[in-house]
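>
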Amino acid sequence: MSPDPLVDFDEVLTRYEPVIGLETHVELGTASKMFCGCSTTFGAEPNTQTCPVCLGLPGSLPVANAAAIEATIRIGLALGCRIATWCRFARKNYFYPDIPKGFQTTQYDEPLCTAGHLDVEVDGETYRVEIERVHLEEDTGKNLHVGGSTGRIHGASHSLIDYNRAGIPLVEIVTRPIPNVGGKAPEVARAYVTELREILLALGVSEVRMEQGNLRCDVNTSLAPIGSLEWGTRTETKNVNSLRSVERAVRFEMRRQAAVLDAGERIVQETRHFHEDSATTSPGRSKEEATDYRYFPEPDLVPVAPDEEWVAKLAATLPELPAARRARLTDEWGIAPTEMAWLVNAGAVELVSDTVAAGASPADARKWWLGELARRANDAGVELGELAVTPAQVAELVGLVAAGTINDQLARQALDGVLAGEGGPAQVVEARGLAVMGDSDELVAAVDAAIESNPDVADKVRGGKVQAIGALVGAVMKTTRGKADAATVKRMLEERLVS
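The sequence shown maps to residues 1 to 499 in UniProt numbering.
(1) Leaving out five residues before and five after E198 in sequence, what residues of the same chain have Cβ atoms less than 6 Å from its Cβ?
(2) Could you spell out where the alpha helix (DSSP H) holding I73 opens and where it closes?
(3) Buried or exposed for V302, going by 16 or more other Cβ atoms inside 10 Å?
(4) If you drop the 5 nearest sequence neighbours on each side, which residues of the same chain put their C-beta closer than 8 Å to that of A374?
(5) Return the Cβ separation of residue 539 and T221 in integer angstroms, given the expectation that the two are a contact with Cβ distance under 8 Å.
(6) Could you give the distance in angstroms between the alpha-carbon of N143 and the alpha-carbon of F274?
(7) Once the 5 residues before and after D262 are set aside, which same chain residues still bring their CB inside 7 Å of it?
(8) Under 8 Å by Cβ, that's how I've got E253 and T281 pegged, so tell me the actual separation to the nearest angstrom.
(9) How is the beta strand (DSSP E) around A90 delimited, first residue to last?
(10) What do you get for I75, buried or exposed, if any count of 16 or more other CB atoms within 10 angstroms of its CB means buried?
(11) Anyone know if the C-beta pair for G141 and I99 falls short of 9 Å?
(12) Please state whether the Cβ-Cβ distance between residue 537 and Y163 is less than 9 Å.
(13) Based on the DSSP secondary-structure assignment, which residues constitute the bridge partners of R251?
(14) Is it the case that the Cβ atoms of G417 and V428 are separated by a distance below 9 Å?
(15) Could you name the residues of the same chain whose beta carbon sits closer than 8 Å to that of E372, not counting the 5 residues immediately before and after it, in chain order?
(16) Pull up the distance between the alpha-carbon of L22 and that of V219, whole angstroms please.
(17) For a test of the three-state rule: what should DSSP assign to T40, helix, strand or coil?
(18) Whole angstroms is fine: what's the gap from C81's alpha carbon to E298's?
(19) Suppose the cutoff is 7 Å on Cβ atoms and the five residues either side in sequence are ignored; what does the same chain contact list for V122 look like?
(20) Counting Cβ pairs, one atom from each stretch, are 3 or more of them under 8 Å apart for the stretch 46-66 and the stretch 223-230?
(21) Any idea if D485 is buried or exposed, counting beta-carbon neighbours within 10 angstroms, 16 or more meaning buried?
(22) Roughly how many whole angstroms lie between the Cα atoms of E172 and A388?
(23) Which full runs of the alpha helix (DSSP H) of 4+ residues lie inside the UniProt domain "Asn/Gln amidotransferase" (350-497), going along the chain?
(24) Starting from L13, trace the alpha helix (DSSP H) both ways and give me its first and last residue.
(25) Keeping to the same chain, check which residues put their C-beta closer than 8 Å to that of L314; ignore five residues upstream and five downstream.
(26) Less than 9 Å between the beta carbons of Q107 and H135, yes or no?
(27) Assuming N93 contacts R285 under a Cβ cut-off of 8 Å, what Cβ separation, rounded to an integer in Å, is found between them?
(28) If you draw a straight line from the alpha carbon of A392 to that of A360, how long is it in whole angstroms?
(29) Could you check the C-alpha separation between L397 and L410 for me, to the nearest Å?
(30) Could you check whether I131 and V174 sit closer than 9 Å to each other, using their CB atoms as the reference points?
(31) With 16 as the cutoff for other CB atoms within 10 Å, does T194 come out buried or exposed?
(32) Can you check DSSP and say which residues form a bridge with K101?
(33) Please list the terminal residues of the continuous beta strand (DSSP E) segment that includes D162.
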């Protein structure tokens with residue numbers, strides 16, 4: 001298949017206006033499945049967590065999971081939604097191998113939560129994302145396509161199905177179309193999913209580990225000519241599983257769709273697959289309409305009618321939400337809102353907070369997560385939180401620097417060892433012999449050697465050009481491979497050269 005023609009992103013914005021929308025699927029962290037008592041433990045042997053109910057065997061009857069209903073209501077409340085006083089489950093009929101019942105039990109025109117919103121900030125500007133609905137359903141099984149090069153069905157020799165995931169409680173959070181975002185569309189999409197993920201973590205309703213499929217995002221993108229009264233035809237990029245990829249999926253689709261429209265062709269309403277390695281999308285299947293699923297009320301489940309007093313109690317026990325927490329931390333840490341925005345954009349708020357809780361100062365915690373660690377994450381092409389170092393280890397590293405055991409240069413070497421799995425910072429410092437040299441005979445010899453090897457520089461210092469001493473400090477640091485303390489070296493040089 002030849003690559004899709006693409007238009008430069010900045011050029012897209014001169015002719016087209018994007019509209020985006022996101023459908024986010026969240027696996028709830030309940031102990032049992034949505035309609036049966038099977039375990040939801042991740043990583044179990046295939047098809048060992050199933051029963052007649054989640055396999056859809058004749059004669060089995062479902063019972064709704066009360067903990068999942070409560071978690072969904074708490075999500076709706078955190079997003080400012082209206083909570084239904086009465087709603088029903090429905091059958092969504094479609095025939096895929098990973099749906100053992102031949103239908104998915106979900107909610108259709110009577111969702112549990114509606115009409116919410118979530119405000120996100122991008123480059124100092126606030127965008128309101130309207131939430132259309134938050135509804136509860138069951139997850140599907142997992143297909144494993146074997147024998148191909150892409151992990152997809154095309155080119156595979158055969159497929160295996162694991163039904164352990166089938167029936168796990170799944171919340172779907174659907175936004176309304178998000179217009180008027182222009183060139184910020186990719187960043188707004190990422191900011192929305194990032195903020196939503198933080199809310200879900202604060203609520204404790206899901207682990208939201210995207211690499212395990214706890215949080216999956218379907219990204220809808222369309223383009224219309226600037227000034228058009230109608231929105232364009234949308235595509236839906238399915239199951240995007242990282243924050244970075246949400247942004248890249250929107251960006252690619254905008255460039256691809258612009259090329260299609262420039263060629264005088266029409267956008268096909270379809271689902272598309274996102275390819276992590278190339279940051280591109282490819283066609284999936286034509287997009288069905290609601291009528292294709294032949295929804296009808298689930299006859300085996302009673303309606304859900306949350307008591308208003310119970311809902312009010314849930315609202316009163318919501319934890320501090322991320323936006324309020326960031327405002328508090330901004331004040332406690334004594335930083336500007338722009339600095340907090342940098343932390344948010346880097347996905348570092350919790351990392352810095354946990355590092356401070358482990359004993360580091362806010363300034364030192366920010367320095368390491370936004371500096372050296374952010375650089376390494378960028379070089380590795382991963383999210384900051386995916387690095388193999390914990391906030392407690394970063395705090396330990398900061399403590400070693402503050403105690404004078406190591407300097408910043410040696411701390412970076414110690415970090416190499418931590419990331420390589422050699423242990424905590426103190427262990428790595430000891431194993432690699434990274435501790436700063438004190439006033440040892442070795443350091444005295446290195447200082448004297450620097451003076452002897454650089455007589456012209458030494459004479460300049462003796463003659464009053466004290467700033468030239470920096471060259472001698474550098475020579476000692478090079479000789480000691482960064483293990484000397486620069487301030488100690490400077491003092492020793494001054495004692496020898498400055499009268």
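The beta carbon of each residue, even a glycine, is placed where N, CA and C say it ideally should be.
In short:
(1) The residue given as residue 198 occupies position 198 in the sequence shown. The residues are P322.
(2) Walking along the sequence shown from the start, residue 73 turns up at place 73. That run of the alpha helix (DSSP H) goes 66-78.
(3) For this step, residue 302 is matched to residue 302 along the sequence shown. V302 counts as exposed, since fewer than 16 other C-beta atoms from the protein chains shown sit within 10 angstroms of its C-beta.
(4) Your numbering for residue 374 matches position 374 in the sequence shown. Apart from the 5 residues on each side of it in sequence, A374 sits with its Cβ closer than 8 Å to the Cβ of A346, A348, L384 in its chain, given in chain order.
(5) Outside the shown range of the chain, which is 1 to 499, sits residue 539, and nothing can be said about it.
(6) For the purposes of this step, residue 143 is taken as the residue at position 143 of the sequence shown. For the purposes of this step, residue 274 is taken as the residue at position 274 of the sequence shown. Between N143 and F274, the C-alpha separation is close to 17 Å.
(7) On the sequence shown, position 262 is the one that residue 262 refers to. Correct list, in chain order: V7.
(8) Position 253 of the sequence shown, counted from the start, is the residue given in the question as residue 253. Position 281 of the sequence shown, counted from the start, is the residue given in the question as residue 281. Contact check for E253 and T281: beta-carbon distance about 6 Å, within the 8 Å limit, so the pair qualifies.
(9) Here residue 90 refers to the residue found at position 90 of the sequence shown. Run containing A90: 90-93, per the beta strand (DSSP E) assignment.
(10) What you label residue 75 is simply residue 75 of the sequence shown in a count that begins at 1. It is buried - the Cβ of I75 has at least 16 other Cβ atoms within 10 Å.
(11) If you number the sequence shown from 1, residue 141 lands on position 141. If you number the sequence shown from 1, residue 99 lands on position 99. Taking 9 Å as the cut-off, the beta carbon of G141 is found closer than this to the beta carbon of I99.
(12) Look at the range of the chain in this structure, 1 to 499, and you will see that residue 537 is not part of it.
(13) As a working note, residue 251 is residue 251 in the sequence shown. Per DSSP, R251 has no beta bridge partner at all.
(14) Counting from one through the sequence shown, the residue named residue 417 turns up at place 417. Counting from one through the sequence shown, the residue named residue 428 turns up at place 428. In this structure, G417 sits near V428, with a CB-CB distance shorter than 9 Å.
(15) Here residue 372 refers to the residue found at position 372 of the sequence shown. Its chain contains R412, L415 as the residues whose beta carbon lies nearer than 8 Å to that of E372, once the 5 sequence neighbours on both sides are disregarded; these appear in chain order.
(16) Walking along the sequence shown from the start, residue 22 turns up at place 22. Walking along the sequence shown from the start, residue 219 turns up at place 219. When rounded, the distance between both Cα atoms is 5 Å.
(17) Taking the first residue of the sequence shown as position 1, residue 40 is located at position 40. Here T40 sits in coil by DSSP.
(18) Sequence index remark: in the sequence shown, residue 81 carries index 81 (1-based). Sequence index remark: in the sequence shown, residue 298 carries index 298 (1-based). Cα to Cα, the separation comes out at about 24 Å.
(19) As a position in the sequence shown, residue 122 is number 122, starting the count at 1. Within the same chain, Cβ atoms closer than 7 Å to the Cβ of V122 are found at K184, E187, V188, A191, the five residues on either side in sequence being excluded.
(20) In this structure the stretch 46-66 does not touch the stretch 223-230; the number of beta carbon pairs closer than 8 Å is below three.
(21) On the sequence shown, position 485 is the one that residue 485 refers to. D485 is buried by the Cβ-count criterion.
(22) Stepping through the sequence shown from its first residue, residue 172 is reached at position 172. Stepping through the sequence shown from its first residue, residue 388 is reached at position 388. Going from the Cα of E172 to the Cα of A388 covers about 31 Å.
(23) Segments of the alpha helix (DSSP H) lying fully in the UniProt domain "Asn/Gln amidotransferase" (350-497): 362-370, 372-380, 391-402, 408-419, 425-432, 441-453, 455-462, 469-479, 486-497.
(24) Here residue 13 refers to the residue found at position 13 when the sequence shown is read from its first residue. That run of the alpha helix (DSSP H) goes 9-15.
(25) Within the sequence shown, residue 314 is the residue found at index 314, counting from 1. Contacts found: E70, I73, R74, L77.
(26) Counting from one through the sequence shown, the residue named residue 107 turns up at place 107. Counting from one through the sequence shown, the residue named residue 135 turns up at place 135. In contact: Q107 and H135 (Cβ atoms closer than 9 Å).
(27) Working through the sequence shown from its first residue, we reach residue 93 at position 93. Working through the sequence shown from its first residue, we reach residue 285 at position 285. Approximately 16 Å separates the beta-carbon atoms of N93 and R285; this is outside 8 Å, ruling out the contact.
(28) Start at 1 with the first residue of the sequence shown, and residue 392 comes out as number 392. Start at 1 with the first residue of the sequence shown, and residue 360 comes out as number 360. In this structure, the straight-line span from the alpha carbon of A392 to that of A360 is close to 9 Å.
(29) In the sequence shown, the residue the question calls residue 397 occupies position 397. In the sequence shown, the residue the question calls residue 410 occupies position 410. For L397 and L410, the distance between alpha carbons rounds to 10 Å.
(30) Within the sequence shown, numbered from 1, the residue matching residue 174 stands at position 174. Within the sequence shown, numbered from 1, the residue matching residue 131 stands at position 131. Taking 9 Å as the Cβ cut-off, V174 and I131 qualify as a contacting pair.
(31) Residue numbering aside, residue 194 sits at position 194 when the sequence shown is read from its first letter. By the neighbour-count definition (other C-beta atoms within 10 Å, threshold 16), T194 is a buried residue.
(32) For the purposes of this step, residue 101 is taken as residue 101 along the sequence shown, with counting starting at 1. Beta-bridge partners of K101 (DSSP): none assigned.
(33) One-based indexing of the sequence shown puts residue 162 at position 162. It spans 158-162 - the beta strand (DSSP E) in which D162 sits, taken as one unbroken run.
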